[in-house]
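What follows is a set of notes on a single structure, which appears directly below.
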Amino acid sequence: MASPQCCADPPTLNPAGGEGRVVDSLGGIAAYVAGVRESKAAVVLISDIFGFEAPILRKIADKVASSGYFVVVPDFLHGDPFVPENADRPIQVWIKEHPLGKAFEEAKPVIAALKEQGVSTVGAAGYCWGAKVVAELAKANEIQAAVMSHPSAVTVDDIKEVKCPIAVLGAENDKTSPPELVKQFEQVLSSNTGIAHFVKIFPGVSHGCPVRYKNEDAGAVKSAEEALSDMIDWFNKNLN
Numbered sequence: 593m594a595s596p597q598c599c600a601d602p603p604t605l606n607p608a609g610g611e612g613r614v615v616d617s618l619g620g621i622a623a624y625v626a627g628v629r630e631s632k633a634a635v636v637l638i639s640d641i642f643g644f645e646a647p648i649l650r651k652i653a654d655k656v657a658s659s660g661y662f663v664v665v666p667d668f669l670h671g672d673p674f675v676p677e678n679a680d681r682p683i684q685v686w687i688k689e690h691p692l693g694k695a696f697e698e699a700k701p702v703i704a705a706l707k708e709q710g711v712s713t714v715g716a717a718g719y720c721w722g723a724k725v726v727a728e729l730a731k732a733n734e735i736q737a738a739v740m741s742h743p744s745a746v747t748v749d750d751i752k753e754v755k756c757p758i759a760v761l762g763a764e765n766d767k768t769s770p771p772e773l774v775k776q777f778e779q780v781l782s783s784n785t786g787i788a789h790f791v792k793i794f795p796g797v798s799h800g801c802p803v804r805y806k807n808e809d810a811g812a813v814k815s816a817e818e819a820l821s822d823m824i825d826w827f828n829k830n831l832n
């Protein structure tokens, strides 16, 4: 499931990062939250294997919140992000200890809690590991709009079962979900006329780019900013 690209360019985590705040429990899960709590539209951002303290992820959350959404970044890793330097716990071991099905089940009470506080529409966006959780939520009718960035472990069969508008943002140099697979996703979505979709493959960048890039890499920064803009546009079209 995980390729070396999934583990590349690990962020320097910052528990105090972002303009929002961390709450101890939203639907039973600690979460970073940003934006107007009274908003009728919420976005759940689901991290990659490096978790909810990644600075770029929180920057993305703040930017989405500035567009009028209440944004929640749950800690589905429970304070246990992947640590590449830990040779005793390679990615294959870590993945087994963080099953995607568990995160999917934990997302449901988070969404329920948002609905209880007055939210009427919920979108979800995920990166790598988190994109698979988003796919499961989209299949289960839990959300009203979905965005998957450089997905990991998402299959054509998953895409066949999607029940809400979905955007898939891929990368040209992605070995985990290569352009050929993303194009298969697009073919499936195009044949399912009832599901609105948007599929884009960013040229010249690798798996992980939208949420893990180096500021000195102008091309990667441009692609990441474009991916963020595409995501916000998708939610604006489908959550309001």
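Residue numbers 593 to 832, in our numbering, belong to the letters of the sequence shown in order.
Beta carbons are placed, not taken as given, at the ideal position from N, Cα and C, and that holds for glycine.
None of the values given here were measured: they were computed from a predicted structure.
Segment contact flag, the region 690 to 708 with the region 782 to 798, C-beta cutoff 8 Å, min 3 pairs | no
How about Pro673 and Ile641: are their beta carbons less than 8 Å apart?
-> yes
Using the DSSP secondary-structure output, state which residues sit across from Tyr719 in a beta bridge.
-> Ser741
According to the neighbour-count rule (16 or more other Cβ atoms, all chains shown, within 10 Å of its Cβ), is Thr604 buried or exposed?
-> exposed
Would you kindly work out how many angstroms separate the C-alpha atoms of Leu649 and Val774, rounded to a whole number?
-> 23 Å
Indicate the three-state DSSP secondary structure (helix, strand or coil) for Pro603 in the structure shown.
-> coil
Would a C-beta distance cut-off of 8 Å place Val726 and Ile652 closer than the cut-off?
-> no
DSSP puts Leu637 in a beta bridge; with which residues?
-> Ala717
Could you say if the region 652 to 664 and the region 813 to 827 meet the contact criterion of at least three C-beta pairs nearer than 8 Å?
-> yes
How far does the alpha helix (DSSP H) with Phe777 in it reach, from first residue to last?
-> 771 to 783
So Val625 and Gly612 are in contact, right, with Cβ under 8 Å, and what is the actual spacing, rounded?
-> 5 Å
Count the other CB atoms within 10 Å of the CB of Asp749; is the residue buried (16 or more) or exposed (fewer)?
-> exposed
Ala759, enclosing beta strand (DSSP E) - first and last residue | 758 to 765
DSSP state of Leu669 mapped onto helix, strand, coil = coil
Whose CA, out of Val711, Val780, Phe696, lies closest to the CA of Glu630?
-> Val711
Three-state secondary structure assigned by DSSP to Ala646 | coil
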